[in-house]
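Scroll down for the structure; my scribbles are underneath it.
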Amino acid sequence: MGSRVGRRVVQFANLPIKLLMPSSFTNIQEIALKTIPSATKIEIKRVLESLYGFEVDRVRTLNMDGKKKKRGGLLIAKPDYKKAYVTLKTPLSISTDLYPIRIIQDDQTRMAKQAKSSVVQEEAPGPGPYSLARPQEGGPTTLRDPQHPSASNLESNFTFHNLLPTLAHSSTKPDR
Numbered sequence: 001m002g003s004r005v006g007r008r009v010v011q012f013a014n015l016p017i018k019l020l021m022p023s024s025f026t027n028i029q030e031i032a033l034k035t036i037p038s039a040t041k042i043e044i045k046r047v048l049e050s051l052y053g054f055e056v057d058r059v060r061t062l063n064m065d066g067k068k069k070k071r072g073g074l075l076i077a078k079p080d081y082k083k084a085y086v087t088l089k090t091p092l093s094i095s096t097d098l099y100p101i102r103i104i105q106d107d108q109t110r111m112a113k114q115a116k117s118s119v120v121q122e123e124a125p126g127p128g129p130y131s132l133a134r135p136q137e138g139g140p141t142t143l144r145d146p147q148h149p150s151a152s153n154l155e156s157n158f159t160f161h162n163l164l165p166t167l168a169h170s171s172t173k174p175d176r
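Heads up, the sequence shown stops at 176 in UniProt numbering, and the numbers go up one at a time, no gaps.
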């Protein structure tokens with residue numbers, strides 16, 4: 001049997017690490033990572049130093065609960081994760097090839113335009129084509145139909161003041 005004397009043993013941690021999108025890609029002093037909840041600060045620091053060659057100054061972590069939704073009476077949950085904020089000793093610049101920056105910026109501008117266009121602007125208050133017209137000062141409220149051929153005569157023919165007496169007399173009281 002051989003001995004391990006004089007050999008360096010490298011243990012690869014089964015630690016998935018996902019880099020979260022930084023706000024700027026030059027002169028990065030702190031990076032945000034997403035990993036499994038069982039990862040410790042020491043493991044995260046060792047993986048970043050040994051595998052990626054970063055000089056890590058400090059690691060701060062927080063446990064995040066996965067989002068939970070109710071769908072059809074069932075509770076569907078995304079898995080929990082740990083977010084780690086790693087402070088680097090030397091600033092880092094990320095290559096533009098790592099993230100498709102142009103595509104991401106185009107998507108952000110497109111989403112901003114969609115958000116602006118989805119806001120419904122209210123028009124000036126006024127009658128719609130089949131709505132009650134605004135009452136004139138001292139005048140009756142009328143129904144208007146702009147498509148009707150006698151739209152000009154409509155005001156004089158159909159007013160609420162003319163209809164109210166007929167509606168009041170047509171109703172009958174129920175017998176007790």
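Note that the Cβ used here is the ideal one computed from N, Cα and C, for glycine as well. All values reported here derive from a predicted model rather than from experimental measurement.
The beta strand (DSSP E) enclosing residue i, as first and last residue numbers
i   : result
I17 : 17-19
I42 : Not the beta strand (DSSP E): I42 falls in the alpha helix (DSSP H), residues 41-50.
E30 : 28-35
Cross-strand partners of residue i (DSSP beta bridge)
i   : result
M64 : Y81
R58 : T87
K69 : I76
Outcome for residue i when other beta-carbon atoms lying within 10 angstroms are tallied against a minimum of 16
i    : result
L48  : buried
I44  : buried
A84  : buried
A115 : exposed
N153 : Confidence at N153 is low in this model, with a pLDDT of 49, below 50, so the placement of that residue should be treated as unreliable; the coordinate-derived value is given next. Under this definition N153 is an exposed residue.
A112 : exposed
Closest by C-alpha distance to residue i, when choosing among the options
i   : options            : result
D65 : I76, R58, V59, R71 : I76
P79 : G72, G53, T35      : T35
Cβ-Cβ distance between residue i and residue j below 8 Å
i           : j   : result
I31         : L15 : no
residue 253 : K67 : Outside the shown range of the chain, which is 1 to 176, sits residue 253, and nothing can be said about it.
I104        : P22 : no
D57         : L88 : yes
K41         : T61 : yes
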